[in-house]
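K.L.:
This is the structure I have questions about; it appears just below.
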Amino acid sequence: MSPKRDSEARPRRTIWGRLRGYFFAGVLITGPISITLYLVWLFISYVDNVVNPWIPAAYNPSTYVPFSIPGVGLVAGLFLLTFIGWITAGLLGSWLIRFSEGLLARMPVVRNIYSTVKQLMETMLSQKSNAFRQCALVEWPRAGMWTVGFVTGDTTGELSDKLGGAQLSIYVPTTPNPTSGYLIFLPPEQVKILDMSVEEGLKYVISTGIVQPENGQR
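Residues are numbered in this note's numbering as their position in the sequence shown, beginning at 1, plus a constant of 604.
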């Protein structure tokens with residue numbers, strides 16, 4: 605190839621490299637925003653599909669326009685939950701709650717499910733709750749293999765007695781879906797507490813290790 609042709613080819617490769625860099629920069633910027641908006645839209649659409657059929661036509665704004673208004677079901681659902689909370693704060697609401705719980709307590713299988721779900725919701729929604737206290741490294745599922753877990757508390761009662769002393773309750777999530785996982789019990793000396801926050805640990809698990817914690821970045 606002649607020097608002239610070689611010099612003409614070089615700028616083309618440089619321009620192509622720049623365009624490719626601009627493309628990936630655009631993907632990195634718009635990707636998270638687009639995915640977030642899409643997930644929000646899916647959530648709103650799901651709530652609308654569930655709630656809208658229960659809204660009387662006279663009170664549904666979509667009745668008066670030739671198109672569907674997104675978010676009507678979500679707003680109605682939020683209003684309904686707030687209204688229920690206001691009702692239950694009174695004497696009549698408290699009596700209804702006690703009556704309903706008493707009724708559920710008489711059902712052998714349902715009472716166990718209700719009790720578990722109620723306790724879980726109270727723990728997760730309580731302002732003073734700290735469901736996941738710390739991130740930790742634990743050897744799981746065998747010695748020499750480490751994974752990220754979350755300290756949820758200390759064992760008490762029968763668990764401590766059977767295990768020969770106080771143990772740490774560790775939740776080991778699966779990736780990329782941390783809502784499923786394993787609950788294991790380990791002595792404190794076998795748990796390595798990490799400096800990363802719980803939020804950073806969840807991001808690390810959900811991203812399958814791609815999103816590195818800020819404390820670990822150099």
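Ideal placement from N, C-alpha and C gives every residue a C-beta, glycine not left out.
Check whether the Cβ atoms of residue 748 and residue 774 lie closer than 7 Å to each other.
P.N.:
no
K.L.:
Using only CA atoms, which one of 691, 646, 776 lies nearest to residue 736?
P.N.:
776
K.L.:
Is it right to say residue 677 is buried, meaning 16 or more other beta carbons lie within 10 angstroms of its own, or is it exposed?
P.N.:
buried
K.L.:
Would you call the stretch 651-663 and the stretch 624-635 in contact, with 3 or more CB pairs under 8 Å?
P.N.:
Contact between the stretch 651-663 and the stretch 624-635 is not established, with fewer than three Cβ pairs separated by less than 8 Å.
K.L.:
At which residues does the beta strand (DSSP E) containing residue 668 begin and terminate?
P.N.:
Secondary structure note for residue 668: it is in no beta strand (DSSP E), with a DSSP letter that is neither H nor E.
K.L.:
What I want to know is whether the C-beta of residue 646 ends up closer than 6 Å to one or more non-hydrogen atoms of the ligand FAD.
P.N.:
Absence of the ligand FAD is noted for the structure shown, with no ligands found whatsoever.
K.L.:
Looking at the structure shown, is residue 760 part of a helix, part of a strand, or coil, going by DSSP?
P.N.:
Correct three-state label for residue 760: coil.
K.L.:
Quick check: residue 795 and residue 772, are their CB atoms within less than 7 Å of each other?
P.N.:
yes
K.L.:
In this structure, what does DSSP give as the bridge partners for residue 797?
P.N.:
The partner list for residue 797 (beta bridge, DSSP) reads 740.
K.L.:
Going by DSSP in three states, residue 815 sits in which element: helix, strand or coil?
P.N.:
DSSP places residue 815 in coil when its eight states are reduced to three.
K.L.:
How would you label residue 732, buried or exposed, when you count the other beta carbons within 10 angstroms and need 16 or more for buried?
P.N.:
Residue placement at residue 732 is flagged as unreliable, the pLDDT there being 49, under the threshold of 50; a coordinate-derived value is accordingly withheld.
K.L.:
Which partner residues of residue 633 appear in the DSSP bridge assignment?
P.N.:
Beta-bridge pairing links residue 633 to no other residue.
K.L.:
Please state if the CB of residue 814 and the CB of residue 780 are separated by a distance shorter than 7 Å.
P.N.:
no
K.L.:
Report the partner residues of residue 777 according to the DSSP bridge assignment.
P.N.:
Beta-bridge partners assigned by DSSP to residue 777: 785.
K.L.:
Do residue 715 and residue 708 count as a contact pair if the criterion is CB distance below 7 Å?
P.N.:
yes
K.L.:
Are the Cβ atoms of residue 788 and residue 740 separated by less than 7 Å?
P.N.:
no
K.L.:
Please report the residue range of the alpha helix (DSSP H) in which residue 690 lies.
P.N.:
It spans 676-692 - the alpha helix (DSSP H) in which residue 690 sits, taken as one unbroken run.
K.L.:
Return helix, strand or coil for residue 732, following the three-state DSSP convention.
P.N.:
Confidence at residue 732 is low in this model, with a pLDDT of 49, below 50, so the placement of that residue is unreliable and no value is reported for it.
K.L.:
For the alpha helix (DSSP H) containing residue 709, list its first residue and its last residue.
P.N.:
695-709
K.L.:
Looking at the secondary structure, which residues open and close the alpha helix (DSSP H) in which residue 805 lies?
P.N.:
Here the alpha helix (DSSP H) through residue 805 covers 802-810.
K.L.:
Measuring straight from C-alpha to C-alpha, what distance separates residue 679 and residue 722?
P.N.:
When rounded, the distance between both Cα atoms is 24 Å.
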